[in-house]
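Peer 1: Using this note's numbering, read the sequence shown as starting at 273 and increasing by one per residue.
Ideal placement from N, C-alpha and C gives every residue a C-beta, glycine not left out.
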Amino acid sequence: MRPPCLLLDVDGVLIPFPDAEGASPATHNRHDVVPADRSADDPVTIWLSPAHGPLLMQVIRTGLVTPVWCTSWRQDATNLIGPLLGVPSLPCVDLPRPQITTSHPNGYLRKRDDVDTWLGDAPAIWIDDDFTDLDHEWAAGRTTRGQVTALVQDDPQRTRGRHAHDHGHPAPHGRRLPGRPGTCARN
């Protein structure tokens, strides 16, 4: 079996949403970054845990998965978020910028169709905070067809201390995902 792609979201997974009082977690450091589509006088404030970079590096060093950014940050994840975490340049799913007001315009995560095309028949572990039941059905369907797909849904409020990338996280239907060193093979 080919090693799975590890699709990583950023907002709500690595960057927590503020709590009900608007506070950021004490475990995270504040950074002001300038995404490619913004001017230098209009930075975006983000909070990142200094623990996440070393954890991601441990995952990368195993060679059991190929990490890939899958985020609305697009290439800015590689250019801005990765360096702050101390991780090397990672590939990125090139997501479009649709003019929508919800992340679920068709009842499922808007990224899903682009991810499905990008993955082809490659196995995947996808960490995001915004899946719906339809996304889980899609993953189960891919798995049934031999394209093992595990969705790990992080709670953006719990991103503060719990890490979704636990090496022993169960796959759909309670199976554990097999891993082999190598690269994420798509198509």
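Along the chain, where does the alpha helix (DSSP H) containing Arg302 start, and where does it finish?
Peer 2: Run containing Arg302: none in the alpha helix (DSSP H); it sits in the beta strand (DSSP E), 301 to 305.
Peer 1: Please state whether DSSP places Leu391 in a helix, a strand or coil.
Peer 2: helix
Peer 1: Tell me whether Asp283 sits in a helix, a strand or coil according to DSSP, three-state version.
Peer 2: strand
Peer 1: Tell me, please, whether the stretch 352 to 363 touches the stretch 378 to 385 by the rule of three or more beta-carbon pairs shorter than 8 angstroms.
Peer 2: Contact between the stretch 352 to 363 and the stretch 378 to 385 is absent: fewer than 3 CB-CB pairs across the two stretches fall below 8 angstroms.
Peer 1: Is it true that the CB of Pro339 sits closer than 7 angstroms to the CB of Leu461?
Peer 2: Absent from the model: residue 461. The displayed extent of the chain is 273 to 459, so no value can be given.
Peer 1: Please return the same chain residues whose Cβ sits closer than 8 angstroms to the Cβ of Arg310, not counting the five positions on each side in sequence.
Peer 2: These residues qualify, in order along the chain: Val316.
Peer 1: Hey, His303 and Pro288 are a contact pair by Cβ (cut 8 angstroms); roughly how many whole angstroms apart?
Peer 2: So it is not a contact: roughly 13 angstroms between Cβ atoms.
Peer 1: When DSSP builds the beta bridges, which residues end up paired with Ile397?
Peer 2: Leu278, Ala422
Peer 1: Please identify the residue among Leu286, Ala412, Asp313 whose C-alpha is closest to the C-alpha of Asp388.
Peer 2: Ala412
Peer 1: Contact check, Val365 vs Trp390 under 8 angstroms by CB: the rounded distance?
Peer 2: 5 angstroms
Peer 1: Can you give, in chain order, each stretch of the beta strand (DSSP E) that sits fully within the stretch 330 to 413 and has at least 3 residues?
Peer 2: 338 to 341, 396 to 400
Peer 1: Using beta-carbon positions only, say whether Leu280 and Trp319 come within less than 7 angstroms of one another.
Peer 2: no
Peer 1: Excluding sequence positions up to five away, which residues of its chain have a Cβ less than 7 angstroms from the Cβ of Thr404?
Peer 2: His376, Gly379, Tyr380, Leu381
Peer 1: Here's a check: name, in chain order, each residue in its chain whose Cβ is nearer than 6 angstroms to the Cβ of Asp393, leaving out the five neighbours to either side.
Peer 2: Gln419
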